[in-house]
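Written out below as structure tokens is the structure these notes cover.
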Amino acid sequence: MGSSYEVLGIREGASEEEIKTAYKKLAKKYHPDRYLDNPLSDLAEEKFKEINVAYDQLIKNNRNSNQSYGQSQNNNQQNSYNRSSSQSGNISFQRIRQLIQSRQFREADRMLNEISNRNGEWHFLKGINAMNTGQFQKGYDHLRNAVQLEPNNLEYRQAYDQIQRRSTGYRNMSNSRGYSQVNTCDCCTNLICADCLCEMLGGDLIGCC
């Protein structure tokens, strides 16, 4: 027995309509009812079975192929949508960085609030923006969240660590001079921290004040 295509006498990759047409023609030709009391009845019956097997196999394979193609198309469309959404998010975040650099903090905050993907990047930019608008504890919390969400991101880690180091250094200096109760939200400490974060994005908070 040759391939299913050869059995039905059609080209490889034929359409379902071509398969059905070829099958009907051969099934009519070799149908056992046409060979009653005929010495060739056994051969005709064998041929009839053969074309039925070939037909079933080709129809099944053809439909599975079409189904797989449809799934592949859907997956490609979904992947394209996901890439587009991801790219749109990246463009938004890049625009927010530019707004923070140019000290357009209110617009940056508005854009951040419209983003539903609250990932590490969102918390990082939200933290920097908050620090630069005097919301020091809120900014500190967002930066901490950014590091917790993406602990391997060096940019987030460096920003958070710099705040920690500068806050600790200023606290130690204040204690040595007799000041007490200096915390993360201390005004002078956080002006330095905000300036540090602003510089990370290419700005200079204290130089602009």
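Just so we're aligned, residue 911 is where the sequence shown starts under this note's numbering, counting upward by one.
Even glycine gets a Cβ: it sits at the ideal position worked out from N, Cα and C.
As the structure is a prediction and not an experimental result, all values here were calculated from the model.
Ordered along the chain, which non-local residues of its own chain (more than five positions away) have a Cβ less than 6 Å from that of residue i?
i, result
"phenylalanine 1015", "Asn1039, Asn1042, Thr1043"
"glutamate 928", "Ile920"
"serine 994", "For serine 994, the pLDDT reaches just 48, beneath the cut-off of 50, and the residue's location in the model is therefore unreliable, although a value from the coordinates is still provided. Hits under 6 Å: none found."
Helix, strand or coil for residue i? Go by DSSP, reduced to three states.
i, result
"proline 1061", "coil"
"asparagine 1055", "helix"
"threonine 1043", "coil"
"alanine 1069", "helix"
"arginine 1007", "helix"
"aspartate 947", "coil"
"cysteine 1095", "Its pLDDT being 44, under 50, cysteine 1095 is placed unreliably by the model, and the measurement read from it follows with that caveat. Of the three classes helix, strand and coil, the one that applies to cysteine 1095 here is coil, per DSSP."
"isoleucine 929", "helix"
"isoleucine 1025", "coil"
"glutamine 1014", "coil"
"isoleucine 920", "coil"
"histidine 1033", "helix"
Below 8 Å on the Cβ atoms is my contact criterion, and I expect residue i with residue j to pass it. Report the Cβ-Cβ distance as a whole number of Å.
i, j, result
"alanine 937", "phenylalanine 958", "7 Å"
"isoleucine 961", "leucine 918", "6 Å"
"asparagine 972", "glutamate 926", "5 Å"
"tyrosine 940", "alanine 954", "5 Å"
Quick one: what's got a C-beta closer than 7 Å to residue i's C-beta in the same chain, skipping five residues either side?
i, result
"glutamine 1004", "none"
"asparagine 1063", "Gly1030"
"serine 951", "Pro942, Tyr945"
"serine 1002", "Met1021, Ile1025"
Legend entry - Meets three-Cβ-pair contact criterion under 8 Å: the segment 1020-1027 and the segment 1048-1066: no
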